[in-house]
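Enquirer: Chains as they are written, first to last, in the working numbering: chain A, -9 to 324; chain B, 124 to 337.
Ideal Cβ positions, reconstructed from N, Cα and C, are used throughout, including at glycine.
None of these values were measured; they are calculated from a predicted model.
Let me give you the structure first, and then I'll get to my questions.
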Amino acid sequence: MSFYYLEVLFVETYKILFLILPILTAVALIVWLDRRVWAFVQKRRGPNVVGPFGLFQSLADALKYIFKEIIIPATSNKIIFILAPIVTMTLALIAWAVIPFGENLVLADINVGILYIFAVSSLGVYGIIMGGWASNSKYPFFGSIRSAAQMVSYEVSIGVIIINVLLCVGSLNLTDIVLAQQNLWFIVPLFPMFVIFFISALAETNRPPFDLPEAEAELVAGYQTEYSGMMYAMFWLGEYANILLMCAIGSILFLGGWLSPIDVYPLNTFPGPLWLTLKIILLFVLFALVKAIVPRYRYDQLMKLGWKIFLPFSLFYVVLTSGFLLYFDLLPNK
Amino acid sequence: MIIQSIFFYIFSFIAIVSAIMVTVSRNTVHSVFFLILDFVSISCLFIMGGAEFLGMIMLIVYVGAVAVLFLFVVMMLNVAQQENAWFQSKKSKEKTSSHIPIGFLISVIIFFELIIVVGGWKFKPELSTDLNLSLSIGETNTHSIGSVLYTDYIHLFQISGMILLVSMIGAIVLTYQKREGLKRQSYFKQISRERDTSIEIVDVEKNKGVKIDA
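Structure below.
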């Protein structure tokens, strides 16, 4: 009896390691990709020295962070100060548990997968708010207040966009969402929603042009100002893991997850994880291009965009989608 | 089953301890963090009970939105080290608050309400079966909540939505102030500017200059 539980524990740990190690490697690689794309747009070379094409640059950076001293400010609230990067990193990683990489290739195939991801990403704001408050310094505090307001605002529109997709699927399970796109990817009927999702994801992950929490000209480095060494690296890893997660959600909701673009012989024999990875990389290159091309938004413009444009438009689209599905009798699970 | 009960007791223990810590801890920001921990462990209990939809909604609404606003207010008002006294003392000039008697009254009322509810459920179990909630085993609880909420209880659901809407509008009306002399950005005005209305070519006389904004 007890051996059964031990066996389950062992198998699950093995599965989790098999999921987390590739994700951490992928995070290191996309940091490199981000910098390379950025450099490409600006006609620079970017990191190209460490390893072939500079692929090991992130590894070298990580080593540097490990050997740096961790400085904890004397007036900070020490427990919360140390907890903040841990919370950020943990929340960025646990959401991957429900991402399906193929049919039956998922760690936890739960009924409310998309709600779980939404809940975890809405918890992500705590890492930032804790770090900013516990630093007990004005720039981190301003940064964290800005960031919290921004993330709460854009979560609302992401929630409404998810409702649009769910209307077409009829299930909260991520595997069902992908399988519902076998005939037509949701990017085709819901293209405006995809655009809004992409922009909201930029805002949700504090990426440029919405990186106001870390606007270096105004706030030094925002909520990360007082952090150093490995703790800073954990914030940074968590941030990129979140970006990767947002790309994965975007490809599952709109780009057909692990499905191949066209259902023809040589393409549909490729393994699902490969297609999902390709789609994630495609979305991430878009993220990186936006970073290189678009200048930073002003704070009031950011709030206006979120509340006065995206929210009404996506609500209108919910009415439109449900009306269309009802009129043409296309609603799933009657 | 043993594993389930172990986890149940762990989550319940964390929930109760953090609920106590919310009221006991002296730092208000710490209280809010304990409140968040309480919400999270209660949503874990919901999920263990098979109500995964309620658990996730609990996380999204309470932890993701309500507690963030709590934290905002607590941090912005700088009430981190406020002293709580039973009654407002007139002698000391220190900042004290007299919320405790009112809070005590409210908690006594809530306590008696809980006793009534739990007592009714304990001594008259047919009350809850009279509600006639038929849950079929096959479907997920998201489906069953939806099929009850949007059919039998649609009016109550709509009314609660209306109450929230009214309170939201009320809060906006109460706090809205029209400020004078504020420069607002209008994209339409900016885009529809023409050369004729914005640029003027002036011949300038030597050593005279031009007076702008005449």
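Reducing DSSP to helix, strand and coil, say where A:Tyr4 ends up.
Expert: Locating residue 4 of chain A in the first sequence gives position 14, where the first residue counts as 1. Looking at A:Tyr4 - three-state DSSP - the assignment turns out to be helix.
Enquirer: Do B:Leu182 and A:Ala85 have their C-beta atoms closer together than 7 Å?
Expert: Walking along the second sequence from the start, residue 182 of chain B turns up at place 59. Walking along the first sequence from the start, residue 85 of chain A turns up at place 95. Taking 7 Å as the Cβ cut-off, B:Leu182 and A:Ala85 do not qualify as a contacting pair.
Enquirer: Could you run through the segment 199 to 229 of chain A and flag, in chain order, every residue whose CB is less than 7 Å away from some CB of chain B?
Expert: none
Enquirer: Buried or exposed: which applies to B:Met124, given that a residue is buried once 16 or more other Cβ atoms fall within 10 Å of its Cβ?
Expert: In the second sequence, the residue the question calls residue 124 of chain B occupies position 1. Residue environment analysis places B:Met124 among the exposed positions, since fewer than 16 neighbouring C-beta atoms fall within 10 angstroms of its C-beta.
Enquirer: Is there at least one Cβ from chain B nearer than 7 Å to A:Trp297's Cβ?
Expert: Residue numbering aside, residue 297 of chain A sits at position 307 when the first sequence is read from its first letter. Closer than 7 Å: no.
Enquirer: Counting C-beta neighbours from all protein chains within 10 Å, is the total for B:Gln308 16 or more, i.e. buried, or is it exposed?
Expert: Reading the second sequence from its first residue, position 185 is the one you call residue 308 of chain B. When all chains shown are included, B:Gln308 counts as exposed.
Enquirer: Just how far apart, CA to CA, sit A:Val96 and A:Phe318?
Expert: The residue you call residue 96 of chain A lines up with position 106 of the first sequence. The residue you call residue 318 of chain A lines up with position 328 of the first sequence. Taking the Cα positions, A:Val96 is about 34 Å away from A:Phe318.
Enquirer: Is the CB of A:Asn232 under 7 Å away from at least one CB in chain B?
Expert: For the purposes of this step, residue 232 of chain A is taken as residue 242 along the first sequence, with counting starting at 1. No, because no Cβ of chain B sits closer than 7 Å to the Cβ of A:Asn232.
Enquirer: Interface residues of chain B around A:Val115 at Cβ under 7 Å?
Expert: By 1-based counting over the first sequence, the position of residue 115 of chain A is 125. Ordered by position in chain B, the residues that pass the 7 Å Cβ test against A:Val115 are Val191.
Enquirer: With distances taken from CA atoms, which of A:Val280, A:Met141, A:Leu310 is nearest A:Pro179?
Expert: Residue mapping note: residue 179 of chain A aligns to position 189 of the first sequence, counting from 1. With distances taken between Cα atoms, A:Pro179 lies closest to A:Leu310.
Enquirer: Where are the alpha helix (DSSP H) runs, 4 residues long or more, that stay fully inside the segment 163 to 241 of chain A, in chain order?
Expert: Complete alpha helix (DSSP H) runs here, min 4: 164 to 169, 181 to 194, 206 to 209.
Enquirer: What's the gap between the Cα of A:Ala231 and the Cα of A:Pro37?
Expert: Counted from its first residue, the first sequence places residue 231 of chain A at position 241. Counted from its first residue, the first sequence places residue 37 of chain A at position 47. Approximately 20 Å between the Cα atoms of the pair.
Enquirer: Following the continuous alpha helix (DSSP H) through A:Leu49, name the residue where it begins and the one where it ends.
Expert: Residue mapping note: residue 49 of chain A aligns to position 59 of the first sequence, counting from 1. First-last of the alpha helix (DSSP H) with A:Leu49: 47 to 57.
Enquirer: Going along the segment 93 to 113 of chain A in order, which residues come within less than 7 Å of chain B, judged by CB to CB distance?
Expert: Ile100, Asn101, Val102, Leu105, Tyr106, Phe108, Ala109, Ser112, Leu113
Enquirer: Counting only runs of 4+ residues fully inside the segment 279 to 318 of chain A, write out the alpha helix (DSSP H) ranges in chain order.
Expert: 289 to 294, 301 to 317
Enquirer: Just checking my contact of A:Leu234 with A:Ile62 at CB under 8 Å: how many whole Å lie between their CB atoms?
Expert: Walking along the first sequence from the start, residue 234 of chain A turns up at place 244. Walking along the first sequence from the start, residue 62 of chain A turns up at place 72. About 29 Å separates the two Cβ atoms, so there is no contact after all.
Enquirer: Measuring CB to CB, does B:Val145 end up less than 7 Å from B:Phe157?
Expert: Residue 145 of chain B sits at position 22 when you count from the first residue of the second sequence. Residue 157 of chain B sits at position 34 when you count from the first residue of the second sequence. Closer than 7 Å, so yes.
Enquirer: Using a cut-off of 7 Å between C-beta atoms, extract the partners of B:Thr274 located in chain A.
Expert: In the second sequence, counting from the first residue as 1, residue 274 of chain B sits at position 151. Near B:Thr274 there are no residues of chain A at all, since even the closest Cβ is about 14 Å away, more than 7 Å.
Enquirer: Using a cut-off of 7 Å between C-beta atoms, extract the partners of A:Tyr(-5) located in chain B.
Expert: Numbered from its first residue, the first sequence carries residue -5 of chain A at position 5. Neighbours of A:Tyr(-5) on chain B, chain order: Ile126.
Enquirer: Do A:Glu208 and A:Tyr144 come within 7 Å of each other at the CB atom, strictly closer than that value?
Expert: In the first sequence, counting from the first residue as 1, residue 144 of chain A sits at position 154. In the first sequence, counting from the first residue as 1, residue 208 of chain A sits at position 218. Contact flag unset, no.
Enquirer: Among A:Leu272, A:Gly296, A:Leu295, A:Leu(-1), which has the Cα closest to the Cα of A:Leu23?
Expert: Against the first sequence, residue 23 of chain A aligns to sequence position 33. Of A:Leu272, A:Gly296, A:Leu295, A:Leu(-1), the residue nearest in Cα terms is A:Leu272.
Enquirer: Spatial neighbours of A:Gln32 within its chain, please: C-beta separation below 7 Å, excluding the five flanking residues on both sides.
Expert: On the first sequence, residue 32 of chain A is found 42 positions in, with the first residue counted as 1. Correct list, in chain order: Ala282.
Enquirer: Pop quiz: A:Ser190 and A:Ile148 are said to be a contact at Cβ under 8 Å. What is the actual Cβ separation, rounded to whole angstroms?
Expert: The residue given as residue 190 of chain A occupies position 200 in the first sequence. The residue given as residue 148 of chain A occupies position 158 in the first sequence. 5 Å between Cβ atoms; contact.
Enquirer: Nearest-angstrom Cα distance between B:Gly187 and B:Asn150?
Expert: As a first step, residue 187 of chain B must be located in the second sequence, where it is residue number 64. As a first step, residue 150 of chain B must be located in the second sequence, where it is residue number 27. Cα-Cα distance, rounded: 21 Å.
Enquirer: Please list the partners that A:Ala138 has in chain B, where partner means a Cβ-to-Cβ separation under 9 Å.
Expert: Here residue 138 of chain A refers to the residue found at position 148 of the first sequence. Going along chain B in sequence order, the residues near A:Ala138 (Cβ under 9 Å) are Val191, Leu194, Phe195.
Enquirer: Would you mind working out which of B:Tyr185, B:Leu177, B:Gln127, B:Phe162 sits nearest A:Val142, comparing C-alpha positions?
Expert: Within the first sequence, numbered from 1, the residue matching residue 142 of chain A stands at position 152. Out of B:Tyr185, B:Leu177, B:Gln127, B:Phe162, B:Tyr185 has the C-alpha closest to the C-alpha of A:Val142.
Enquirer: For B:Asp161, which residues in the same chain have their Cβ closer than 6 Å to its Cβ, ignoring the five residues on either side in sequence?
Expert: As a working note, residue 161 of chain B is residue 38 in the second sequence. Closer than 6 Å at Cβ, skipping near neighbours: Ala138, Ser141, Ala142.
Enquirer: Our contact map puts A:Trp123 next to B:Met198 with C-beta atoms below 8 Å; I'd like the distance itself, whole angstroms only.
Expert: By 1-based counting over the first sequence, the position of residue 123 of chain A is 133. By 1-based counting over the second sequence, the position of residue 198 of chain B is 75. Yes, A:Trp123 and B:Met198 are in contact; Cβ-Cβ is about 6 Å, under 8 Å.
Enquirer: Compare the C-beta of A:Trp123 against all C-beta atoms of chain B and say whether one is closer than 7 Å.
Expert: Your numbering for residue 123 of chain A matches position 133 in the first sequence. Cβ-Cβ to chain B under 7 Å: yes for A:Trp123.
Enquirer: Under the rule that 16 or more other beta-carbon atoms within 10 Å means buried, what is B:Met285, buried or exposed?
Expert: Position 162 of the second sequence, counted from the start, is the residue given in the question as residue 285 of chain B. With fewer than 16 other Cβ atoms from the protein chains shown falling within 10 Å of its own Cβ, B:Met285 counts as exposed.
Enquirer: Counting only beta-carbon atoms, is B:Glu73 nearer than 7 Å to chain A?
Expert: In the structure displayed, chain B extends from 124 to 337; residue 73 of chain B sits before or after that span and is not available.
Enquirer: Going by C-alpha to C-alpha distance, which of A:Leu105, A:Lys5, A:Tyr(-6), A:Trp297 sits closest to A:Val155?
Expert: Looking up residue 155 of chain A in the first sequence gives position 165. The candidate whose alpha carbon is nearest that of A:Val155 is A:Leu105.
Enquirer: Would you report the Cα separation of A:Pro90 and B:Ile282, rounded to the nearest angstrom?
Expert: The count along the first sequence starts at 1 and reaches residue 90 of chain A at position 100. The count along the second sequence starts at 1 and reaches residue 282 of chain B at position 159. Between A:Pro90 and B:Ile282, the C-alpha separation is close to 39 Å.
Enquirer: What are the residues of the segment 151 to 163 of chain A that lie near chain B, defined by any Cβ-Cβ distance shorter than 7 Å?
Expert: Leu162
Enquirer: State the Cα-Cα distance for the pair B:Leu192 and A:Thr15, rounded to the nearest angstrom.
Expert: Mapped onto the second sequence, residue 192 of chain B falls at position 69. Mapped onto the first sequence, residue 15 of chain A falls at position 25. Straight-line Cα distance between these residues: approximately 36 Å.
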